[in-house]
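K.L.:
For the sequence shown, the numbering used here assigns the number 51 to the initial residue and increments by one for each residue that follows. Have a look at this one before I ask anything.
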Amino acid sequence: MTATQAVRRRLAIIGGGSSGLVTLKYALDELPDWDVICFERGARAVGVWGDPYPGFVSTSTKYTTQFACFPRFEAVLTTAADGPYAEFFRDGEYGQYLEDFAEHFGLLDHVALGQRVTSVKRCGERWRVERVGGDGRVVCERFNAVVLCAGREPIVDVDVGDVTTVRPDEVLKTDPAAVRNLRVVVYGGGESAVDVADRLADRSHGNEVYLSLRSGVRVSPRYHPVRGVPSDFLRNRLMLSFHPDVRNVLGRRFVDWRIAHEKIFRYLFPASATADGREYAGSVRRRDWDRRLSRAAGAVFDVYHTKNDGFLDAVGDGRIRIVGARADDSGGRFYEFGSTAVTTIDPDVAVPAVGYRSSVASLTAGAAEFEDFYLGCLHDRFDDLFVVGSARPVIGNVPTMSELQARLVCATLAERVARPTNIRSERIRDREEVAKRFPSLSQAHAYPVEMFAYCDAIAARLRLGPGETGRAGLTSRWRRALQPASTLHYSDPKAWLATPVFMPPSLVCLLLLLKPVDAFYRFWLWLCRRAVS
Numbered sequence: 051m052t053a054t055q056a057v058r059r060r061l062a063i064i065g066g067g068s069s070g071l072v073t074l075k076y077a078l079d080e081l082p083d084w085d086v087i088c089f090e091r092g093a094r095a096v097g098v099w100g101d102p103y104p105g106f107v108s109t110s111t112k113y114t115t116q117f118a119c120f121p122r123f124e125a126v127l128t129t130a131a132d133g134p135y136a137e138f139f140r141d142g143e144y145g146q147y148l149e150d151f152a153e154h155f156g157l158l159d160h161v162a163l164g165q166r167v168t169s170v171k172r173c174g175e176r177w178r179v180e181r182v183g184g185d186g187r188v189v190c191e192r193f194n195a196v197v198l199c200a201g202r203e204p205i206v207d208v209d210v211g212d213v214t215t216v217r218p219d220e221v222l223k224t225d226p227a228a229v230r231n232l233r234v235v236v237y238g239g240g241e242s243a244v245d246v247a248d249r250l251a252d253r254s255h256g257n258e259v260y261l262s263l264r265s266g267v268r269v270s271p272r273y274h275p276v277r278g279v280p281s282d283f284l285r286n287r288l289m290l291s292f293h294p295d296v297r298n299v300l301g302r303r304f305v306d307w308r309i310a311h312e313k314i315f316r317y318l319f320p321a322s323a324t325a326d327g328r329e330y331a332g333s334v335r336r337r338d339w340d341r342r343l344s345r346a347a348g349a350v351f352d353v354y355h356t357k358n359d360g361f362l363d364a365v366g367d368g369r370i371r372i373v374g375a376r377a378d379d380s381g382g383r384f385y386e387f388g389s390t391a392v393t394t395i396d397p398d399v400a401v402p403a404v405g406y407r408s409s410v411a412s413l414t415a416g417a418a419e420f421e422d423f424y425l426g427c428l429h430d431r432f433d434d435l436f437v438v439g440s441a442r443p444v445i446g447n448v449p450t451m452s453e454l455q456a457r458l459v460c461a462t463l464a465e466r467v468a469r470p471t472n473i474r475s476e477r478i479r480d481r482e483e484v485a486k487r488f489p490s491l492s493q494a495h496a497y498p499v500e501m502f503a504y505c506d507a508i509a510a511r512l513r514l515g516p517g518e519t520g521r522a523g524l525t526s527r528w529r530r531a532l533q534p535a536s537t538l539h540y541s542d543p544k545a546w547l548a549t550p551v552f553m554p555p556s557l558v559c560l561l562l563l564l565k566p567v568d569a570f571y572r573f574w575l576w577l578c579r580r581a582v583s
């Protein structure tokens, strides 16, 4: 071993899905004098959604989910010849995108497949990483720094009475053979829960499926009634520039109007020729349940819309039946949704899909907690321990947020970006703000964020963002404000400047007319803070 090899520092990336791969890419860019290795427990470096069940359709479009460093898709409307949901990743398309990404940047030479990491333990000034290989052999190695990209584990220790339980991640495998021709109750109203219910309600599985909800949910359709385009394409920075409180109130009203007056929306904002026939539509029963679920939605769903409208088709067809919470401890009797009446189901199987817990505490044996990470990625005590991919966006997607997190983590390791000198106090203040906005969510396992406000905060630390000046700069900024919101905006303008604007001019004008309301509300909040201080 040469002297140069002896002093090379080592970085371990735990998890080889989208977050792990993009972290690996930037680590190789930023840390050429480090030995970098990514441990992935699966046989392919594609993560959970890179190898999904047949019929899978992503909830975010290809354009908004792709990495800014590997742009392959434009914001364009596809035709009927491309098949349904062609603007979205279908079946294994996302896995193929990740494999192409890994091949393009030569990442697989630094990925160890079939390696399940069981422990990340602090030993002096380094981290001891213990893993189990496919042959069952336990291997321990030491690293100077560790990035945890292993995602989260489903919460399955939920009281469902005496009913047999099945993990939600087992259901979302290619062939959930254990759940066939059964009476099933799925608990939860988030995206994983409705994905599971929709998957099990496929007619070929022969199941009788119930979805148990404590409150309603607010559903965000893949294709919007405004022009029949993907909802992602209408979500722009002008819309996101409103204060979250104002945006949520307006959004709630808009959703109610959209459901109640769908025909008017279609008349006022007709679909383009390429989008014809793909508007947000469905049976009377489907629309009725959409309305009922939206009206009963709690405060969390004012912010977190469930971005899978496909399960409403199953509700409209009667393949999924909505019920309320459990009525007793048996696990067989439930309240009818929105009623005190009780119905008996006596399920064969229960699938608790009520949320996920972070793996940080279990992997580090309590040395680190998920709440300890500033911006969800920088530990406030260990300057060599990081998390990427565990922040949860309000209307957005995880992979593109992970890319910015990875850039911040790797730039910090390279000492190109300094850690905040008061990182602990900043982390506490940040978490207090999160607790105010999302009081019902456990911060021990969730870090909910406004996607683009969060991305802007990271981009500011990296000194990314618009640098244009003069008339041309104002023009490009205005165009960026109206285009589909995307993290491509933090990259080379060539990657996004020609992207079309999909929001109708009438809605742009309406948003501009509402900006004084937003300004007044922000001023009122400022006065309130002054009065308290």
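We put the CB at the ideal spot given by N, CA and C, even for glycine. Remember, predicted model here, so these are calculated numbers, not experimental data.
Evaluate residue 495 with the Cβ neighbour count: other Cβ atoms within 10 Å of its Cβ, from every protein chain shown; 16 or more gives buried, anything less gives exposed.
P.N.:
So residue 495 counts as buried.
K.L.:
What does the alpha-carbon distance come out to for the pair residue 306 and residue 186?
P.N.:
Whole-angstrom Cα-Cα distance: 55 Å.
K.L.:
Check whether the stretch 117-132 touches the stretch 172-192, taking contact to mean three or more Cβ pairs, one atom from each stretch, closer than 8 Å.
P.N.:
Cβ pair count under 8 Å is below three, so no.
K.L.:
Excluding the five sequence neighbours on either side, which residues of its own chain have a C-beta within less than 6 Å of the C-beta of residue 100, listed in chain order?
P.N.:
Answer for residue 100: 144, 145 and 148, listed in chain order.
K.L.:
Roughly how many angstroms lie between the CA atoms of residue 233 and residue 197, to the nearest whole one?
P.N.:
Between residue 233 and residue 197, the C-alpha separation is close to 41 Å.
K.L.:
Excluding the 5 residues preceding and the 5 following residue 400 in the sequence, name in chain order all residues of the same chain whose CB lies nearer than 6 Å to its CB.
P.N.:
So the list reads 210, 213, 215 and 235, once near-sequence residues are dropped.
K.L.:
Where does residue 77 land, buried or exposed, given buried means 16+ other C-beta within 10 angstroms?
P.N.:
Buried.
K.L.:
Could you have a look at residue 544 and say whether DSSP puts it in helix, strand or coil?
P.N.:
DSSP places residue 544 in helix when its eight states are reduced to three.
K.L.:
Once you ignore the five residues that flank residue 500 on each side, which residues in its own chain have a CB closer than 7 Å to its CB?
P.N.:
Once the five neighbours on either side are set aside, the close Cβ partners of residue 500 are 294 and 444.
K.L.:
With contact counted as at least three CB pairs below 8 Å, one residue from each stretch, are the stretch 526-541 and the stretch 280-288 in contact?
P.N.:
The stretch 526-541 is in contact with the stretch 280-288.
K.L.:
Are residue 251 and residue 370 close, meaning C-beta to C-beta below 8 Å?
P.N.:
Contact: yes.
K.L.:
For the stretch 199-230, list the beta strand (DSSP E) runs that are entirely contained and at least 3 residues long, ordered along the chain.
P.N.:
Segments of the beta strand (DSSP E) lying fully in the stretch 199-230: 202-204.
K.L.:
How about residue 69 and residue 405: do their beta carbons lie closer than 8 Å?
P.N.:
Not closer than 8 Å, so no.
K.L.:
Assuming residue 565 is part of the alpha helix (DSSP H), what are its boundary residues?
P.N.:
555-582 is the span of the alpha helix (DSSP H), which, as asked, contains residue 565.
K.L.:
Skipping 5 residues on each side, what residues in its chain have a beta carbon closer than 6 Å to that of residue 136?
P.N.:
Here the set comprises 128.
K.L.:
Does residue 578 pass the burial test, meaning 16 or more other C-beta atoms within 10 Å, or should it be called exposed?
P.N.:
It is exposed - the Cβ of residue 578 has fewer than 16 other Cβ atoms within 10 Å.
K.L.:
In its own chain, which residues sit with a C-beta less than 8 Å from the C-beta of residue 386, not counting the 5 before and 5 after it?
P.N.:
Excluding residues within five positions, the ones whose Cβ falls inside 8 Å are 373, 374, 392 and 393.
K.L.:
Measure from the alpha carbon of residue 427 to the alpha carbon of each residue in 504, 221, 218 and 105, then state which is nearest.
P.N.:
Of the candidates 504, 221, 218 and 105, the one whose C-alpha sits nearest the C-alpha of residue 427 is 504.
K.L.:
Give the list of continuous beta strand (DSSP E) stretches no shorter than 3 residues that lie fully inside the stretch 348-404.
P.N.:
List check, beta strand (DSSP E) in window: 370-376, 383-386, 392-394 and 399-402.
K.L.:
Would you report the Cα separation of residue 67 and residue 115, rounded to the nearest angstrom?
P.N.:
C-alpha separation (whole angstroms): 14 Å.
K.L.:
Please classify residue 108: does DSSP put it in a helix, a strand, or coil?
P.N.:
Residue state, collapsed to three classes: strand.
K.L.:
What residues are listed by DSSP as bridge partners for residue 407?
P.N.:
Beta-bridge pairing links residue 407 to 203.
K.L.:
Roughly how many whole angstroms lie between the Cα atoms of residue 447 and residue 108?
P.N.:
Straight-line Cα distance between these residues: approximately 10 Å.
K.L.:
Mind checking which residues open and close the beta strand (DSSP E) that includes residue 63?
P.N.:
That run of the beta strand (DSSP E) goes 59-64.
K.L.:
Rounding to the nearest angstrom, what Cα-Cα distance links residue 381 and residue 402 in this structure?
P.N.:
Each residue's Cα considered, the two are about 12 Å apart.
K.L.:
Take the Cβ of residue 397 as the centre, count every other Cβ of all protein chains shown within 10 Å, and call the residue buried at 16 or more, exposed below.
P.N.:
So residue 397 counts as buried.
K.L.:
With C-beta atoms as the reference, is residue 497 less than 8 Å away from residue 411?
P.N.:
No, Cβ-Cβ distance for residue 497 and residue 411 is not below 8 Å.
K.L.:
Tell me, to the nearest whole angstrom, how far the beta carbon of residue 506 is from that of residue 477; I am working on the premise that it is less than 8 Å.
P.N.:
Actually they are not in contact, since the Cβ atoms of residue 506 and residue 477 sit about 18 Å apart, beyond 8 Å.
K.L.:
So, residue 87 versus residue 154, is the Cβ gap smaller than 8 Å?
P.N.:
Result no, Cβ atoms of residue 87 and residue 154 do not sit closer than 8 Å.
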